[in-house]
Amino acid sequence: MNTGAPDKPSLEGLETKWADQWQNDDTYRFDRSVGRDGVFSIDTPPPTVSGSLHMGHIFSYTHTDTIARYQRMTGKTVFYPMGWDDNGLPTERRVQNYFGVRCDPSLPYEDGFEPPASEGKGPDGKAFKQQVSISRPNFIELCDRLVEEDEKAFENLWRSLGLSVDWSLLYATIDERSRRASQRAFLRNLARGEAYQQEAPSLWDVTFQTAVAQAELEDREQPSAYHTLRFKLPTGDDLLIDTTRPELLPACVAVVAHPDDERYQPFKGQTITTPVFGVEVPMVFHELADPEKGTGVAMICTFGDLTDVTWWRELNLPARAVIGRNGRFIEDAPEVMSADAKERYGRLVGKTVFSAKKELVEMLTDDGDLVGEPRAITHPVKFFEKGDKPLEIVSSRQWYIRNGGREADLNAALIERGNEITWHPPYMQSRYTNWIEGLNGDWLISRQRFFGVPIPLWYSLDDAGEPIYEKPLVPDEATLPIDPSTDVPDGYDASQRGEPGGFMGDPDIMDTWATSSLTPQIAGLWEDDDDLFDRVYPFDMRPQGHDIIRTWLFSTAVRAHFEADTAPWRHACLSGWILDPDRKKMSKSKGNVVTPIDLLDQFGSDAVRYWAASGRPGTDTAFDEGQMKVGRRLAIKLLNASKFAMGMGDLNSALSQPVTEPLDQAMLGRLATLTDECTKAFDDFDYARALERTETFFWSFTDDYIELVKNRAYGSRGDEAAQSAHAALARALDTMLRLLAPFLPFATEEVWSWWQEGSVHTSNWPDANALRDAAGSADGALVDVAGQTLSELRRTKTEAKRSLRTEIVKATVNDTAERIALLDQVSEDVSEAGAVKELVTVGGAAELAVEAELAPEDD
RNA sequence: GGACCGUUAGCUCAGCUGGCUAGAGCGCUCGCCUCACACGCGAGAGGUCACUGGUUCAAGUCCAGUACGGUCCA
């Protein structure tokens, strides 16, 4: 349906027009009849839908889309799914605030429950502050309800941006197939011994009341203070110990010094008495004690930090927990204390760490056992990346997946997996390797939260009603996904839940990364559809941000290593960040924040994509509206240049006509070279280079080549010469539309529809050899010589402040003999373009110089 | 403290395996309504390639170090 070019080509409305068309035509539909070799599969990052839409989304997803479109044009069928990451804490927090609810897993499901608030406001329209407790199923229903809205906003953005995803492949990380895949993978890990549970001290967030994993930690510099405490040696002498956490004194189980520290060797095997509580603890020795720090002796508490955990484990010390899961001091004083000490401990019960510290400092001061004043310092403290209170270390039963943090062999094997992946850019691999080398424990996957994939296990209860953790009750894979809080294990009935001799469900859910580490399996319908899975796995490409190499990328590699004994993908493409130079200007423009949708409206999707695709792989890129304007100009120019070329004659028939003029041949030769460069760049996932090269060619094509052949194409030198121009224009336009299609899908599709059949996006990537055949043996340098000479001719007019239409009565071109020889081949084109009446060429000069006699001004 | 990345025109960046006078776009200056495009066209000015050494016939490009900026991890 060649519609021909409109009188006034415009970008307006192209997004809606073509997005709808592509949807109706299933343009980007994955062809699942194709074998693995003909497939290009992409492990799309599922965006966190409860977060806001921002420029980073547009940026990195555009990069992937250009690759997808290129691969599709090379003849691959592209498996390009979209997923929504709606699983996890961000959604929970939003639901709590939005609906005014809180999850209490002990409550029963309430049919037809309506939340008390909406958008954070109660029925009276005022902010709703309190939170109503509801059951886990009710809570999850509300999560589902809210994410649905969020997901619409994302889908809308992706369609406007022109992502060529196959929307029939959509998944969500909380949907049934994700839960099934996630639980199945966990059970497989369990069966193979790769997942295990352990009662152990682990990092604990007291606000969210959940354990957190190493990958979710961050250090934050915090103010603190050294307190010097007076302990007593058996001799009755003082032993001064510095600590930043005096409130943990009741949890003190030993004091430690370095084995080589001679000052403390005499006290080996002796006991030290703690202040305030008068508990006798052993003097122990360990390399991690720093002789330079304070007095060289530290108190070991269960648990102040990870070093305490190491000491406790390696020195076989007892545990005296004092801080509970809510971050407050627990009811029961350590058994070891005397009645008198327990009474003093009573003053701490129920207090937060902060107030307990004040209380204890007071006690120490009263006893005269605080030496001097506390000395203020700042030091790094571990936080949950989403939390705002320091992590405590609490002993709890948790599930782990082995990740090489405790086994050297596995560690090395996972590092080795990195070599099976081609990294773009290559240096990103070192981040992967560094992270694995720095692991200090296995992957803690259980979370004491609600909106996530439940750990699919139950435990039988003994006669006393205590769970028998050693033998979890495992569901049949065919029944997955399950929720152990409502489903019942085989051999039991619902009435036995929580009863002695009955069963209980594992109350925890899995870490969100435990699910998203399976995106290739989820998207590829692992085990649900083996035929499909085998066509797409291992995936060709994982695009993602470099900030989540340690989490998403690594955890995906771990799962693939165990489940498939392979790397999950062949290529990992790490995108950079958007730097925001506007942040400085933001204060000026009074926080006039531009949303991605606004930008797409303002500049057009192609223009925004152009900006995004200019950012090289892995490189942080400035948010730059200027680049979007440039992109817009490019798209508009493409429309206009195409319209012009079509005005010359029937391009479709011109495609098969011979190209006879030297300049036309030279241009096509250059185009063949460009095509090769772009192919190479795209094969190396370097979309930015492909764009840059194509753009440079395109502008010289419109500014020089078109100007040079314009008159001839109109017929100034006869039909054959005109026909050659038409044939070259048709081939060039055809080729450039294809080369630009990955970047400017809307403008290229629009132009394509004017004179070609089908969609440019399902057409073939251009064939450099066919272009070379059409070009014959013409020297590509003809294009340069003609262009540069034309430029000099123009300059004589510009410097005379005359119009470019001004006739040149006589022009003398001096240049090297070599270049004059080339110029003579195209002198007619150059003369016509420069409006030169008489062109004299003189060889033997050192460089190009033009003298021109302009026609007199007629006013 | 460790690892990695970067430092080229006022701004944003190219410059791939070292090779003739270092490029583009934006911005700026000047000019042009030229029959595809004024959402346009043409021309111009503007750079001791962060610094110090080294390798080489030749270094923006390779090596070592320094400084500054950034990211990730401790």
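Position one of the first sequence corresponds to residue 4 (my numbering), numbered consecutively onward. Even for Gly, the Cβ is constructed at its ideal location relative to N, Cα and C. Owing to the predicted nature of the structure, the values given are computational and were not obtained by experimental measurement.
Local conformation of residue i per DSSP, three classes
i, result
"residue 849", "coil"
"residue 288", "strand"
"residue 557", "helix"
"residue 585", "Unreliable positioning characterises residue 585 in this predicted model, as indicated by a pLDDT of 46, which lies under 50. A coordinate reading is not provided."
"residue 389", "coil"
"residue 807", "coil"
"residue 694", "helix"
"residue 458", "coil"
"residue 738", "helix"
"residue 757", "helix"
"residue 201", "strand"
"residue 439", "helix"
"residue 399", "strand"
"residue 275", "strand"
"residue 19", "helix"
"residue 639", "helix"
"residue 594", "At residue 594 the pLDDT is 38, less than 50, meaning the model places this residue with poor confidence and gives no usable figure here."
"residue 55", "coil"
"residue 377", "strand"
For residue i: DSSP bridge partner residues
i, result
"residue 301", "259"
"residue 222", "385"
"residue 42", "80"
"residue 528", "Bridge partners of residue 528: none, in fact."
"residue 235", "241 and 276"
"residue 574", "425 and 544"
"residue 61", "Its beta-bridge partners do not exist; DSSP assigns none."
Where residue i falls, given that 16 or more other Cβ within 10 Å makes a residue buried
i, result
"residue 60", "buried"
"residue 230", "buried"
"residue 185", "buried"
"residue 256", "buried"
"residue 455", "buried"
"residue 707", "buried"
"residue 382", "exposed"
"residue 618", "buried"
"residue 818", "buried"
"residue 702", "exposed"
"residue 504", "exposed"
"residue 524", "buried"
Inter-residue spacing [alpha-carbon to alpha-carbon] between residue i and residue j
i, j, result
"residue 138", "residue 104", "10 Å"
"residue 780", "residue 757", "32 Å"
"residue 111", "residue 178", "22 Å"
"residue 778", "residue 848", "30 Å"
"residue 510", "residue 429", "42 Å"
"residue 572", "residue 345", "59 Å"
"residue 815", "residue 825", "15 Å"
"residue 52", "residue 745", "26 Å"
"residue 286", "residue 339", "17 Å"
"residue 449", "residue 208", "13 Å"
"residue 413", "residue 419", "10 Å"
"residue 29", "residue 167", "10 Å"
"residue 199", "residue 403", "5 Å"
"residue 716", "residue 811", "21 Å"
"residue 585", "residue 626", "Note on residue 585: pLDDT 46, under 50, position unreliable in the model; the coordinate value appears next. About 7 Å."
"residue 833", "residue 642", "25 Å"
"residue 415", "residue 421", "10 Å"
"residue 43", "residue 390", "39 Å"
"residue 88", "residue 37", "29 Å"
Beta-carbon spacing of residue i, residue j below 8 Å
i, j, result
"residue 69", "residue 610", "no"
"residue 140", "residue 489", "yes"
"residue 528", "residue 506", "no"
"residue 771", "residue 809", "no"
"residue 406", "residue 464", "no"
"residue 224", "residue 360", "no"
"residue 559", "residue 91", "no"
"residue 3", "residue 836", "Since the first residue of the chain shown is 4 and the last is 862, residue 3 is not available in this structure."
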